[in-house]
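Structure first, then comments.
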Amino acid sequence: MIYESEEGVYLFGYKTLNDSGSDWDEWYEFLNEAKERAREKFKVNELDWKEINDPEENCQHDRMESVRIDEN
2 MIYESEEGVY
12 LFGYKTLNDS
22 GSDWDEWYEF
32 LNEAKERARE
42 KFKVNELDWK
52 EINDPEENCQ
62 HDRMESVRID
72 EN
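Final position of the sequence shown in this note's numbering is 73; the numbers increase by one with none missing.
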């Protein structure tokens, strides 16, 4: 999964196809860098990407479904 924010681009990696928290992440300054890394290292091609909505406020950024972060 790639998440683009004002701070940069995060490439999240998973060990499962189920919606879960990521097992690792990498940070990139630019979207094209993250996509290139995914293509080279993990064989994820441009057509393999599926666009999903931005997370809701106070939700995790590495999940497809909204999962709230406990701020207590």
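Where is the CB? At the ideal position from N, CA and C, for every residue including glycine. A quick note: this is a predicted structure, and the numbers were derived from the prediction, not measured.
Taking C-beta separations shorter than 7 Å and ignoring five residues to either side along the sequence, the partners of E5 in its chain run L32, following chain order. The criterion of a C-beta distance shorter than 8 Å is not satisfied by F43 and D26.
For F31, the three-state secondary structure derived from DSSP is coil. Beta-bridge analysis with DSSP links D26 to F13. A straight line joining the alpha-carbon of K36 with that of M2 spans about 10 Å.
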